[in-house]
Every structure is written in C-alpha cells, then in structure tokens.
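Numbering (full-length UniProt numbering), first residue to last: 1 to 201.
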Amino acid sequence: EEGDGGSRRISCPLDPKHTVSEDNLEKHLKKCNSRDKPKPGYYVENINAGQADKDQKLQQVTLCERSRAELEALVEKLKTAVEGLQGDVEDRTLSHPILQEELLNPMNGDSAHKHLKQQASILGHLRELGLLKRGHCFVEFGAGRGKLSHWIHKALKNPENPEICEYQKIINDPETFEDLQLLLVERSSTRFKVGNHKFCV
Numbered sequence: 001e002e003g004d005g006g007s008r009r010i011s012c013p014l015d016p017k018h019t020v021s022e023d024n025l026e027k028h029l030k031k032c033n034s035r036d037k038p039k040p041g042y043y044v045e046n047i048n049a050g051q052a053d054k055d056q057k058l059q060q061v062t063l064c065e066r067s068r069a070e071l072e073a074l075v076e077k078l079k080t081a082v083e084g085l086q087g088d089v090e091d092r093t094l095s096h097p098i099l100q101e102e103l104l105n106p107m108n109g110d111s112a113h114k115h116l117k118q119q120a121s122i123l124g125h126l127r128e129l130g131l132l133k134r135g136h137c138f139v140e141f142g143a144g145r146g147k148l149s150h151w152i153h154k155a156l157k158n159p160e161n162p163e164i165c166e167y168q169k170i171i172n173d174p175e176t177f178e179d180l181q182l183l184l185v186e187r188s189s190t191r192f193k194v195g196n197h198k199f200c201v
C-alpha cells in the first residue's frame, strides 16, 4: 500500500492492527503506544501464576487431563466457596429516556444496538438507586471510546431530566456547588472518542 509521498505502508511490528510508513518505521517504533514500557515498582511478573521458581515454567494442564476424583474435589471446593452467597440474581434490563432516540435509530446495527441497550440499562439502574446525579465521580473501566460516560454526561446536563431537579436547588450557590466528574480508564489508546471535549466539566 502506497502512502503519502510514495512511501510504502506496512504493518507495525509491535501491533499489526495499525500501519506505518516504511520510511518512518524506526522513528515510529520509539513512540508507538504498543512498545514495551517500564514496569512500575509494584509489578511482579506472574505473581498470580502459583508457586514456581523464577526460571521454572508451570505445566499447563487442561481439565480433560484431570482425573474424575480431582474434578469432584474441585467441584466440592467451589460449592464451599459459594455457600451463603445469594444464588438467585434477578436479571433486570432497565432503560433511560436519554437513549430512547438512539435506540430507535434504524441506522444502528445489531452490535451498536446491543451496546446502547447495555448503556441504557446501566443508566436506568443508576437512576433507580439514586446514584445518577451530579456531585459524584463516575469511573468507567475499559472505557474504549467513552460512550457510557458520554451518555451519563448527556443525561445530567439535560434540564428536562428528573435526575437533576433536586440538584438545581443548589446549582446557583457557589459554596455548595459540586460538579460532575468522569474518569475514563482505558489500557489501549483508543481513537475517535465520543465527545471527548465535553468531558471537561
């Protein structure tokens, strides 16, 4: 594939999901987001992998290689571990009016519609629990493009929404005013974030 100026574009050796100009490969590798980065002081490789010497590799064993007795013992351990936990978890899909127009948009495919239903249900549960209000810090883990935060922000800036009616009572008092905080946590560098300029509120 030819890039600008006739330079050939190739897959990045560190991450084949993106390409780079062959002429700029050396420069790109020094700043690529997929390059190895210094590990923080608290990081210990394979800390959760079980007991093994530093240079010893743990043997990988599949379930089908275990004996019936070992599997039955494992099942008993699992039963003991979950004893006393709530077994019947109610599956409730709620919604929120701020997403209704988008949910009815025929331009959204099946995947987009599924994610919109999930986001609408999360907002619905937050509202039901009385948590969808300003003055809170919402942390979105695995944020990707930040769509959930986008809808939370949109719901709480809309004066027609009941979530902020109570909050409107203190909005003109600078001493009691608390703003909305959205903290997006994402391991990869995701491009095309949704309304990223709106998150600084």
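A virtual CB, placed ideally from N, CA and C, is assigned to each residue, including glycine.
Put simply, the backbone Cα of residue 181 is about 12 Å away from that of residue 157. Taking 4 residues as the shortest admissible run, the stretch 9-94 contains the following complete alpha helix (DSSP H) segments, listed from N- to C-terminal end: 25-31, 68-82. If you look at residue 186, you'll find it isn't in any beta strand (DSSP E); DSSP assigns it neither H nor E. The C-beta distance from residue 143 to residue 186 rounds to 5 Å, short enough to fall under 8 Å.
With respect to the C-alpha of residue 183, the residue from 151, 141, 127 having the closest C-alpha is 141. DSSP links residue 140 through a beta bridge to 184. If you check the CB distance, residue 147 and residue 115 come in under 9 Å. Here the stretch 64-71 does not lie against the stretch 81-97, with fewer than 3 beta-carbon pairs under 8 Å apart. Residue 60 counts as exposed, since fewer than 16 other beta carbons sit within 10 angstroms of its beta carbon. Excluding the 5 residues flanking it on each side, residue 124 has same chain C-beta neighbours closer than 6 Å at 94, 95, 96, in chain order.
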